[in-house]
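Residue numbers (our numbering): 1 to 90.
All residues carry an ideal CB built from backbone N, CA and C; glycine is no exception.
Right, dumping it as C-alpha cells:
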C-alpha cells in the first residue's frame, strides 16, 4: 500500500463545510459525486509523483520551505487535525 496525491483547490466556504462534517460519510459526500471522485474545478491527480515532485523542488526527501510547501503546505498540524484546519480560517 502506498500514499497517493490528489490536490484540490477549495474556497473558505468549502473548508468550513468540511470542518462541519461529523462522520466519514459526510466527508465522502463532499468529495464524491454519484460514487465518483469529484474532479471538477481546480483538481490535479499526482498519484505517487508527490514524492518525486517534492524531491525535484527541494533536493531532499522532505525538503525546506518554501519549495516544500508546494506538496506539504506551509502549516504544520499538531494535535487534532480539525484544530489545525480551523486555524487556517483565522
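* Quick check: the segment 11-22 against the segment 40-54, are there 3 or more CB pairs under 8 Å? -> no
* To do: Return the Cβ separation of residue 53 and residue 7 in integer angstroms, given the expectation that the two are a contact with Cβ distance under 8 Å.
  => Working through the chain shown from its first residue, we reach residue 53 at position 53. Working through the chain shown from its first residue, we reach residue 7 at position 7. The pair is not a contact, with the Cβ atoms about 10 Å apart (cut-off 8 Å).
* Segment limits, alpha helix (DSSP H) that includes residue 56 -> Start at 1 with the first residue of the chain shown, and residue 56 comes out as number 56. Start and end: 49-58.
* To do: Would you list the residues sitting across from residue 5 in a DSSP beta bridge?
  => As a position in the chain shown, residue 5 is number 5, starting the count at 1. Note: residue 5 sits in a beta bridge opposite 47.
* Measure the alpha-carbon distance for residue 24 versus residue 57 and round it to whole angstroms. => Here residue 24 refers to the residue found at position 24 when the chain shown is read from its first residue. Here residue 57 refers to the residue found at position 57 when the chain shown is read from its first residue. Cα to Cα, residue 24 sits roughly 34 Å from residue 57.
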